Amino acid sequence: MGFLAAVWENVYGLLVDDGSIALGTVGALVLVGLWSWATAAQPSMAELGGPLLFVLLMSLLLANLYRTGQAAARRRLDG
Amino acid sequence: MSPLLAITIAALPAFVASVVELVEAFTIVLAVGTTRGWRAPLWGTVAAVVTLGLIVAVFGAPLIAYHEQVSQSFHLVVGVLLLLFGMRWLRKAILRFAGIVALHDEELIYQREVAELRAQGQRTGRWDNIGFWFSYKAVLLEGLEVAFIVVALGAQGGAALQASILGAVAAFVVTMVAGALLRRPLAFVPENWMKFVVGAMLTTFGIFWGAEGLGIHWPLGELSLLLLALGIFAVSWICVRMLTGMLPAGAQVAARNI
Chain A
-16 MGFLAAVWEN VYGLLVDDGS IALGTVGALV LVGLWSWATA AQPSMAELGG
34 PLLFVLLMSL LLANLYRTGQ AAARRRLDG
Chain B
16 MSPLLAITIA ALPAFVASVV ELVEAFTIVL AVGTTRGWRA PLWGTVAAVV
66 TLGLIVAVFG APLIAYHEQV SQSFHLVVGV LLLLFGMRWL RKAILRFAGI
116 VALHDEELIY QREVAELRAQ GQRTGRWDNI GFWFSYKAVL LEGLEVAFIV
166 VALGAQGGAA LQASILGAVA AFVVTMVAGA LLRRPLAFVP ENWMKFVVGA
216 MLTTFGIFWG AEGLGIHWPL GELSLLLLAL GIFAVSWICV RMLTGMLPAG
266 AQVAARNI
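Keeping their order, the protein sequence lines are chains A and B. Going by our numbering, the first residue of the first sequence is number -16, and it counts up by one from there. Going by our numbering, the first residue of the second sequence is number 16, and it counts up by one from there.
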């Protein structure tokens, strides 16, 4: 059982390290999926879906790292 | 898919990612071998490699067989998986560059594993169960990431799967030969740089294929991959600068632990 638990932890850990990044990534894909559906009749707008996904994911990474950096700075100051 | 493209998008990232993971597995097998003898850990390694081969075959074969029928769904699924995996590696590498998370230290891990193995006591019979399972678990668990990357990068079709398998096998050969020659942990391998590059590449492919899976057309085609990669490198650089500036002076992680 211990070995199977380690395998599961490893497989889960492959994809999810920080829950908010994983949820945010899926959320960004859902948003871009909605964009693609809503702009299906306007190809020039629909083509912006790819760049939009890039901007959403990079904003997510930046925001997540900013929060992590703030927490780390607080810990170092307290410690 | 042209051979050059297959090498760029499948073999290269599979090779670099596999080296990172195999270096970690090698450290543990080396600790077992030098502490308890080589026979059982070598068999443990062989058994784990066979298990990983089966995993790639089971999940990789349908990718080739049904690739054409469900191409768009595959793009989406592979895009999501690559994004989750790539963003995770990218985030961790950035945190390590900024000094918030300590760098991976193979020498320290080796010493810790040796101490743990010595605490298990001497082997009692001709066959060393502890040595076998220690190596099997280490190679299998680290190798799962390799198998995942090989299957995900190979999901673009037969040529890509062959290229990613070739990349992983080349990494296995290079790591084992280097390890056998040096007989010490491969601590000189720039793991964080490699992890960063692979994280950026997987995120690039994840964005590209994820969007394609949602039915979005990239106006510049495969040239968009290059622009995405440049954008990701630029944002990563900004993130490292931002994090370095946020920490109090002298507060970067000094201890090289895990």
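Positions of the beta carbon are idealized from the N, C-alpha and C atoms, including for glycine. Quick caveat: nothing in here was measured; it's all calculated off a predicted structure.
DSSP places isoleucine 247(B) inside the alpha helix (DSSP H), whose first and last residues are 238 to 261. Listed along chain A are Gly33, each with a C-beta nearer than 8 Å to that of serine 239(B).
Setting aside the 5 residues that flank it on each side, glycine 48(B) is surrounded in the same chain by Pro56, each with a C-beta closer than 7 Å to its C-beta; the list follows chain order.
Annotation: the continuous alpha helix (DSSP H) that includes aspartate 61(A) extends over 32 to 61.
Three or more Cβ pairs closer than 8 Å define a contact, and the stretch 229 to 239 of chain B falls short of that threshold against the stretch 59 to 68 of chain B.
Under the three-pair Cβ rule at 8 Å, the stretch 103 to 110 of chain B counts as touching the stretch 42 to 52 of chain A.
A check of alpha carbon separations from histidine 119(B) across Trp208(B), Val64(B), Ile180(B) identifies Trp208(B) as the nearest. Interface with chain B (7 Å Cβ-Cβ cutoff): threonine 22(A) is excluded. Straight-line measurement puts the Cα of phenylalanine 223(B) at about 20 Å from the Cα of glutamine 25(A). When secondary structure is reduced to three states using DSSP, arginine 51(B) falls in the helix class. Under the 7 Å criterion on CB atoms, alanine 46(A) is classed as non-interfacial with respect to chain B.
Close to arginine 106(B), with beta-carbon spacing below 9 Å, are these residues of chain A in chain order: Asp0, Asp1, Ile4, Leu44, Asn47, Leu48, Thr51. Secondary structure of valine 204(B) (DSSP, three-state): coil.
Within 8 Å of the CB of methionine 41(A), the CB atoms of chain B belong to Gly246, Ile247, Val250, in sequence order along the chain. DSSP places valine 116(B) in no alpha helix (DSSP H); its state is neither H nor E. The beta-carbon separation of alanine 186(B) and leucine 37(B), rounded to 6 Å, stays under the 8 Å limit for a contact.
Closer than 7 Å to the CB of alanine 226(B) there is at least one CB belonging to chain A.
Among the residues facing chain B, valine 15(A) is included, as its CB has a counterpart in that chain under 7 Å away. Here proline 200(B) is buried. Its C-beta has 16 or more other C-beta atoms within 10 Å. In this structure, alanine 183(B) keeps its C-beta atom at 7 Å or more from the C-beta atom of valine 212(B). A residue is called buried once 16 or more other Cβ atoms fall within 10 Å of its Cβ, and alanine 72(B), having fewer, is exposed.
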